[in-house]
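Novice: Line by line, the protein sequences are chains C and V. This note's numbering applies: residue 887 is where the first sequence begins, and numbers increase by one. This note's numbering applies: residue 887 is where the second sequence begins, and numbers increase by one. The structure is given below, and queries will be raised subsequently.
Protein chains: 2
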Amino acid sequence: MPIKPGTLTAKGRETKGRIVAAAARLMFENGVADTTVEDVRAAAGVSNSQIYHYFKDKTALVRAVIEYQSDAVIEPHEEWFAELDTMAGLRQWRDLVVRKQRELNCRGGCPIAVLAGQLAEYDEAARLQLAHSFARWSQGLRTGLLAMHANGTLRAEADPEALALALLASLQGGLLITQLNRDTKPLETALDAALAHIEAHT
Amino acid sequence: MPIKPGTLTAKGRETKGRIVAAAARLMFENGVADTTVEDVRAAAGVSNSQIYHYFKDKTALVRAVIEYQSDAVIEPHEEWFAELDTMAGLRQWRDLVVRKQRELNCRGGCPIAVLAGQLAEYDEAARLQLAHSFARWSQGLRTGLLAMHANGTLRAEADPEALALALLASLQGGLLITQLNRDTKPLETALDAALAHIEAHT
């Protein structure tokens, strides 16, 4: 039976983490619907009783994968969020995002958006969890833009929340079109337009 | 065995169209991976030999669904594309897009993007077909912006192709965040930012 997080031993946490990492990789590579608990069990190299000890069913695995992918996508950017309070900082972040896609050969798109496309209409709890992940992302971008507003870089009448949301939308739409075309140009164009729009409010 | 399009009778075209419409609905509602040929056959009310007469396998059905959804999404906008050559025309189109999402209670997102999220990494032919659908969309937006450039509404140094691509990215990203939050605000914010960016080039 599934056990509560706080009660895991170090070995238990390691095993559970290995299962989630395997599930995230398989669901990213093969899609959520085509990934079975048995596939995850085999890829993680654990027994049947072990996997069901931590996850009562595939739904529980999907929940854990959404958290895992959200952390994996957002955490590396967290150090950047504090620096998104100047146009130069925003442009460096833009270059980082584009470089990352180039390294991935524009494959995969945004892991949170991919899960959203596969789950939002079929699993209401997953939709809410994914909306929360986007809110975390958006919050990170807002931090910098609110700081730019507070320190006077953005004009008083600018709406930093709206600018952050528009930047997030340009990022997501740009990533999707870049993924489909295996070309970073759409992402670059989308982010450059969003940054120019922000700069127009300085 | 599958037959060539030109050789279909009116009745054959009707049957084939009914199968594709059923497949599109089921793949939109339940996801591509969870839709079987048998599900489509039952929903379309055709026999086993009929469905395999038109589609040799699920892959062939997916191809037809991508075309069907692309036409369904793009064709109603085509009459608009010709009017996207003024800021007022662009704003009317923005209102139309937002109203449509409100009517749908923000469910479903963009049908082409949803297929992209489910297929782009798992089916290379589908990825190319979906990239082509996005190019058709983009071409429609470009038509208006190129006209605005040609008639001097957009300044000479503006890049109408980049503006069209940025608008498409804002639309897609805005639709995704609107779908996840069941709220049209993200879509409105994203489109308003993209239109303000275009207007800054007038």
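From the three backbone atoms N, C-alpha and C, an ideal C-beta is built for every residue, glycine too.
Residues of chain C with CB under 7 Å from His1035 of chain V, in chain order?
Specialist: Translated into the one-based positions of the second sequence, residue 1035 of chain V becomes position 149. The contacting residues do not exist; His1035 of chain V stays about 16 Å from chain C at best.
Novice: Which residues, taken in chain order from the region 915–930 of chain C, show a beta carbon closer than 9 Å to some beta carbon of chain V?
Specialist: Taking 9 Å as the upper bound on Cβ-Cβ separation, chain V lies near residues Glu915, Asn916, Gly917, Val918, Ala919 and Asp920 of the region 915–930 of chain C.
Novice: Less than 8 Å separating the beta-carbons of His1087 of chain V and Ala1033 of chain V?
Specialist: Mapped onto the second sequence, residue 1087 of chain V falls at position 201. Mapped onto the second sequence, residue 1033 of chain V falls at position 147. In this structure, Ala1033 of chain V does not lie closer than 8 Å to His1087 of chain V by Cβ.
Novice: Taking any Cβ of chain C, which residues in the region 1063–1076 of chain V have a Cβ under 7 Å from it, in chain order?
Specialist: Ile1063, Gln1065, Leu1066, Asn1067, Pro1072, Thr1075 and Ala1076
Novice: In chain order, what residues of the region 1013–1027 of chain C put their CB closer than 7 Å to some CB of chain V?
Specialist: Answer in chain order: Arg1013, Leu1016, Ala1017 and Phe1020.
Novice: From which residue to which residue does the alpha helix (DSSP H) around Arg899 of chain C run?
Specialist: Within the first sequence, residue 899 of chain C is the residue found at index 13, counting from 1. Counting along the chain, the alpha helix (DSSP H) containing Arg899 of chain C begins and ends at Ala896 to Asn916.
Novice: When the cut-off is 8 Å and only beta carbons count, does Ala1002 of chain C lie next to chain V?
Specialist: In the first sequence, the residue the question calls residue 1002 of chain C occupies position 116. Yes, contact with chain V.
Novice: Helix, strand or coil, according to DSSP, for Gly1030 of chain V in the structure here?
Specialist: Position 144 of the second sequence holds residue 1030 of chain V. Three-state DSSP puts Gly1030 of chain V in a helix.
Novice: Strictly under 8 Å for the Cβ-Cβ distance: is Leu1032 of chain C near chain V by that measure?
Specialist: The residue you call residue 1032 of chain C lines up with position 146 of the first sequence. It does not: the Cβ of Leu1032 of chain C has no partner Cβ on chain V nearer than 8 Å.
Novice: Looking at the structure shown, is Arg961 of chain V part of a helix, part of a strand, or coil, going by DSSP?
Specialist: As a first step, residue 961 of chain V is located in the second sequence; it is residue number 75 there, counting from the start. Rather than Arg, the amino acid found at residue 961 of chain V in this sequence is Glu. Helix, per DSSP.
Novice: Are the beta-carbon atoms belonging to Gln955 of chain V and Leu1005 of chain V less than 8 Å from one another?
Specialist: Within the second sequence, numbered from 1, the residue matching residue 955 of chain V stands at position 69. Within the second sequence, numbered from 1, the residue matching residue 1005 of chain V stands at position 119. No.
Novice: For the putative contact between Val923 of chain C and Lys944 of chain C, defined by C-beta atoms under 8 Å, what is the C-beta separation to the nearest angstrom?
Specialist: Numbered from 1 along the first sequence, position 37 holds the residue referred to as residue 923 of chain C. Numbered from 1 along the first sequence, position 58 holds the residue referred to as residue 944 of chain C. Correct: roughly 5 Å between the Cβ atoms.
Novice: Count the other CB atoms within 10 Å of the CB of Asp971 of chain V; is the residue buried (16 or more) or exposed (fewer)?
Specialist: As a first step, residue 971 of chain V is located in the second sequence; it is residue number 85 there, counting from the start. Burial call: buried.
Novice: Answer yes if the region 1049–1068 of chain C comes into contact with the region 1074–1086 of chain V, meaning at least three C-beta pairs across the two stretches below 8 Å, and no otherwise.
Specialist: Three or more beta-carbon pairs separated by less than 8 Å link the region 1074–1086 of chain V to the region 1049–1068 of chain C, which places the two stretches in contact.
Novice: Taking only three categories from DSSP, how would you classify Tyr1008 of chain V?
Specialist: In the second sequence, the residue the question calls residue 1008 of chain V occupies position 122. Correct three-state label for Tyr1008 of chain V: coil.
Novice: Given that a residue counts as buried once 16 or more other Cβ atoms are within 10 Å of its Cβ, and exposed if not, what is Ser935 of chain V?
Specialist: Here the question's residue 935 of chain V lines up with position 49 in the second sequence. The residue is exposed, with fewer than 16 neighbouring Cβ atoms inside 10 Å.
Novice: Which whole runs of the alpha helix (DSSP H) in the region 937–995 of chain C are 4 residues long or more, in chain order?
Specialist: 944–967 and 973–989
Novice: Which residues of chain V have a Cβ atom closer than 7 Å to the Cβ of Arg993 of chain C, listed in chain order?
Specialist: The sequence position of residue 993 of chain C within the first sequence is 107, counting from 1. Those are Glu1007, listed as they occur along chain V.
Novice: From which residue to which residue does the alpha helix (DSSP H) around Gly1059 of chain C run?
Specialist: The sequence position of residue 1059 of chain C within the first sequence is 173, counting from 1. From DSSP, the alpha helix (DSSP H) with Gly1059 of chain C extends over Pro1046 to Asn1067.
Novice: Is it right to say Arg927 of chain V is buried, meaning 16 or more other beta carbons lie within 10 angstroms of its own, or is it exposed?
Specialist: Start at 1 with the first residue of the second sequence, and residue 927 of chain V comes out as number 41. Buried.
Novice: I want to see whether chain C comes within less than 8 Å of Leu894 of chain V, judged by CB atoms only; does it?
Specialist: If you number the second sequence from 1, residue 894 of chain V lands on position 8. Closer than 8 Å: no.
Novice: Would Gly1060 of chain C count as contacting chain V if we go by Cβ distances under 8 Å?
Specialist: Stepping through the first sequence from its first residue, residue 1060 of chain C is reached at position 174. Yes, contact with chain V.
Novice: Spatial neighbours of Val1081 of chain C within its chain, please: CB distance less than 8 Å, with the 5 preceding and 5 following residues excluded, ordered by chain position.
Specialist: On the first sequence, residue 1081 of chain C is found 195 positions in, with the first residue counted as 1. Looking at the sequence provided, one finds Leu at residue 1081 of chain C rather than Val. Same-chain partners within the cutoff: Met973, Leu976, Arg977, Arg980 and Leu1053.
Novice: What distance in whole Å lies between the Cβ atoms of Ser1019 of chain C and Ile998 of chain C, which are believed to be in contact at a cut-off of 8 Å?
Specialist: Residue mapping note: residue 998 of chain C aligns to position 112 of the first sequence, counting from 1. Residue mapping note: residue 1019 of chain C aligns to position 133 of the first sequence, counting from 1. Contact flag correct, Cβ pair sits at about 5 Å.
Novice: Against His1083 of chain V, what residues of chain C qualify as contacts under a CB-to-CB distance less than 7 Å, listed in chain order?
Specialist: What you label residue 1083 of chain V is simply residue 197 of the second sequence in a count that begins at 1. The contacting residues are Ala1079, Ala1082 and His1083.
Novice: What's the call for Lys897 of chain C, buried or exposed, on a 16-neighbour Cβ count within 10 Å?
Specialist: Numbered from its first residue, the first sequence carries residue 897 of chain C at position 11. Per the 10 Å Cβ criterion, exposed.
Novice: Looking only at its own chain, which residues have a Cβ that is under 6 Å from the Cβ of Val918 of chain C, when we skip the five neighbours before and after it?
Specialist: If you number the first sequence from 1, residue 918 of chain C lands on position 32. Counting only Cβ-Cβ distances below 6 Å, and skipping sequence neighbours, we find Gln1004.
Novice: Go to Asp920 of chain V, then tell me how far its alpha helix (DSSP H) extends in each direction, as first and last residue.
Specialist: Position 34 of the second sequence, counting from 1, holds the residue named residue 920 of chain V. From DSSP, Asp920 of chain V is part of no alpha helix (DSSP H); its letter is neither H nor E.
Novice: If you reduce the DSSP assignment to three classes, tell me which class Ala1080 of chain C lands in.
Specialist: Taking the first residue of the first sequence as 1, we reach residue 1080 of chain C at position 194. Judged by DSSP in its simplified three-state form, Ala1080 of chain C adopts helix.
Novice: Answer yes or no: does any C-beta atom of chain V fall closer than 8 Å to that of Ala908 of chain C?
Specialist: For the purposes of this step, residue 908 of chain C is identified with residue 22 of the first sequence, where counting begins at 1. Closer than 8 Å: no.
Novice: Would you call Ser1056 of chain V buried or exposed, if buried means 16 or more other Cβ atoms sit within 10 Å of its Cβ?
Specialist: Working through the second sequence from its first residue, we reach residue 1056 of chain V at position 170. Answer is buried; the Cβ neighbour count reaches 16.
Novice: Taking buried to mean at least 16 other C-beta atoms within 10 Å of its own C-beta, is Gly931 of chain C buried or exposed?
Specialist: The sequence position of residue 931 of chain C within the first sequence is 45, counting from 1. With a threshold of 16 other beta carbon atoms within 10 Å, Gly931 of chain C falls short and is exposed.
Novice: Smallest Cα separation from Glu964 of chain C: which of C:Lys1071, C:Leu1027 and C:Ala908?
Specialist: Locating residue 964 of chain C in the first sequence gives position 78, counting from the first residue. The option with the nearest alpha carbon to Glu964 of chain C is C:Leu1027.
Novice: Give the straight-line distance between the Cα atoms of Glu1007 of chain C and Arg904 of chain V, rounded to the nearest whole angstrom.
Specialist: In the first sequence, residue 1007 of chain C corresponds to position 121, counting from 1. In the second sequence, residue 904 of chain V corresponds to position 18, counting from 1. Taking the straight line from one Cα to the other gives about 24 Å.
Novice: For Arg1022 of chain V, tell me which candidate among V:Asn1037, V:Leu1062 and V:Glu961 has the shortest Cα-Cα distance.
Specialist: As a first step, residue 1022 of chain V must be located in the second sequence, where it is residue number 136. For Arg1022 of chain V, the closest of V:Asn1037, V:Leu1062 and V:Glu961 by C-alpha to C-alpha distance is V:Glu961.
Novice: If you draw a straight line from the alpha carbon of Phe914 of chain V to that of Asn1037 of chain C, how long is it in whole angstroms?
Specialist: Within the second sequence, residue 914 of chain V is the residue found at index 28, counting from 1. Within the first sequence, residue 1037 of chain C is the residue found at index 151, counting from 1. The alpha-carbon atoms of Phe914 of chain V and Asn1037 of chain C are separated by roughly 47 Å.
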